[in-house]
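K.L.:
Shown next as structure tokens:
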């Protein structure tokens, strides 16, 4: 029931964007501007708020274990995503978008609410570590992989961006235990709270151009979804549950592995990729989100 409620909320946001585009209130240019707000204002604020407004703390061994495990999970998924275009024989012009789509899970916009609902607020401290690493990889590797070929020097200049700076700031603030005035916490929380609705609205705007039936007719996309949503989390959790004694951390890992493709990938594709890239990634995010309603409970029953 908790999962279903969260999915309904996300789809409401998506439907608002979809409806606005269908009524010609929001077009592609408006979607790109919203993407800029998400990437450069809302999401950086969310990154910082995870530390600024966090309850409790993770000390010593637990922090290092969580960080090491999260890094290993991201590297594993990224490396696997690089092989999927060849496995499913994806057209060369779509390989960058396909790789980006399957490289990142929706650890923040869906992962955080699910973790909080199932494991409590304390578990969000573990999730925050995943969030920081997610944003470091997304704003570096994610930008690099979606940019046009032949622009290596130019695209790596984009790596030191507001997202990465926010992650560095969050890490420093956590390690130094900085305190912030209440008005600043409120402002950061408010801006961070825009991330989920705005990002899903952007996806809805992108989907307005795609016939609904096309979501379920791309065999290569469906194959990647099966690997990402079921095969990867089940296999990964088989190793994690044997190596880690902390049940809460195992539960957080399961959620992070089982969540659908990150809506942030659609933001990155819209900001740095082509129009075709943005449309494909938005379609993939929507499809994985729909399928995750069934796959997350399935993975939970198998893995835990």
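In our numbering, the protein residues as written are 116 to 419.
Glycine is no exception: its CB is placed at the ideal position from the N, C-alpha and C atoms.
1) Which word fits residue 162, buried or exposed, when buried means at least 16 other C-beta atoms lie within 10 angstroms of its C-beta?
2) According to the neighbour-count rule (16 or more other Cβ atoms, all chains shown, within 10 Å of its Cβ), is residue 404 buried or exposed?
3) Starting from the C-beta of residue 221, find all residues in its chain whose C-beta is less than 7 Å away, skip the five residues before and the five after it, and write them out in chain order.
4) I'd like the span of the alpha helix (DSSP H) that includes residue 365, first residue to last.
5) When you compare only the Cα positions, how much space is there between residue 187 and residue 179?
6) Helix, strand or coil: which one does DSSP assign to residue 221?
7) Report the residue from 336, 298 and 282 whose alpha carbon sits nearest the alpha carbon of residue 200.
8) Out of 223, 294, 409 and 340, which one is the CA nearest neighbour of residue 243?
9) For the region 123-130 and the region 312-320, state whether three or more C-beta atom pairs, one from each stretch, are separated by less than 8 Å.
10) With DSSP collapsed to three states, give me the class of residue 376.
11) Could you give the residue range of the alpha helix (DSSP H) that holds residue 253?
12) When we look at the beta-carbon of residue 121 and count the other beta-carbons within 10 Å, is it buried (16 or more) or exposed?
13) Select from 402, 240, 341 and 325 the residue whose C-alpha is nearest the C-alpha of residue 414.
P.N.:
To lay it out plainly:
1) On the chain shown, position 47 is the one that residue 162 refers to. Buried, since its Cβ has 16 or more Cβ neighbours within 10 Å.
2) By 1-based counting over the chain shown, the position of residue 404 is 289. Classification for residue 404: buried.
3) The residue labelled residue 221 in the question sits at position 106 within the chain shown. Answer for residue 221: 374, 375, 376, 377 and 378, listed in chain order.
4) Sequence index remark: in the chain shown, residue 365 carries index 250 (1-based). Looking at the DSSP string, the run of the alpha helix (DSSP H) that includes residue 365 is 362-373.
5) As a position in the chain shown, residue 187 is number 72, starting the count at 1. As a position in the chain shown, residue 179 is number 64, starting the count at 1. Cα-Cα distance, rounded: 12 Å.
6) Residue 221 sits at position 106 when you count from the first residue of the chain shown. In the structure shown, the three-state DSSP call for residue 221 is coil.
7) Mapped onto the chain shown, residue 200 falls at position 85. Here the closest residue by C-alpha is 336.
8) Here residue 243 refers to the residue found at position 128 of the chain shown. If we check each option's Cα against that of residue 243, 223 comes out closest.
9) yes
10) Your numbering for residue 376 matches position 261 in the chain shown. Three-state result, residue 376: strand.
11) On the chain shown, position 138 is the one that residue 253 refers to. That residue, residue 253, is in no alpha helix (DSSP H); it is neither H nor E in DSSP.
12) Position 6 of the chain shown, counting from 1, holds the residue named residue 121. By the 10 Å Cβ count, residue 121 comes out buried.
13) By one-based count along the chain shown, residue 414 stands at place 299. For the set 402, 240, 341 and 325, the Cα lying nearest the Cα of residue 414 is the one of 341.
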